[in-house]
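A.B. asks: Would you mind keeping the following structure in view while I ask a few things?
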Amino acid sequence: MNINVKLCHPDAVMPEYKTAGSVGFDLAVVEEQIIAPNETKFLRTGLIICVPNGYSLILAARGSISKKNLILANGIGVVDTDYCGPNDEILLAVRNIGAEPYTVQKHERLAQGLFMPVEKTEFEKTDAISETSRGGFGSTG
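As structure tokens, then:
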């Protein structure tokens, strides 16, 4: 599958899979930023990534950011197929959950992207539901 990517910043790094077994491709930021404790910043990747029909681009944290006391503020990002205009740069909402400021370096890889197939569904209103109830959060132990 070929994906169209526009580099909209001179320091943008083309996404790449780092190993043959990688399912996610790394996303790097284009500029150094200092994130204060309990602060969230939107970091530029310099990339506009055109997601093909039938897919969604999932943005997830790289495993290494937990060592830096950073998280993606929205947990997981979902990029739709229609987010591919001239101003639709992929941004990473990064939060510092540590006690000290963190300096994000230019070209530091904080997130990864995964293309996931998706299927549109139709919703039907109903009063008939399963009689099985599981109890909700933590109900199985």
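Remember, the working numbering sits 14 above the position in the sequence shown when you count from 1.
Just so it is clear, CB atoms sit at the ideal spot from N, CA and C, and this is done for glycine as well.
In this text the structure is predicted, and so the values were computed from the model without any measurement.
#1: Indicate the three-state DSSP secondary structure (helix, strand or coil) for residue 80 in the structure shown.
#2: List the DSSP bridge partners of residue 110.
#3: Considering just the uninterrupted stretch of the beta strand (DSSP E) at residue 32, what are its terminal residues?
#4: Please determine if the stretch 42-59 and the stretch 112-119 are in contact, where contact requires at least 3 C-beta pairs separated by less than 8 Å.
#5: Judging by CA-CA distance, which residue of 58, 74, 63 is the nearest neighbour of residue 37?
#6: Could you tell me the alpha carbon to alpha carbon distance between residue 99 and residue 123, rounded to whole angstroms?
#7: Name the DSSP bridge partner or partners of residue 74?
C.D. replies: Looking at the atomic coordinates:
#1: It is helical.
#2: 84, per the DSSP bridge assignment.
#3: That residue, residue 32, is in no beta strand (DSSP E); it is neither H nor E in DSSP.
#4: Touching, yes, given that three or more Cβ pairs across the two stretches are closer than 8 Å.
#5: Of all alpha-carbon atoms in 58, 74, 63, the one lying nearest the alpha-carbon of residue 37 is that of 74.
#6: Cα to Cα, residue 99 sits roughly 24 Å from residue 123.
#7: Answer is 126.
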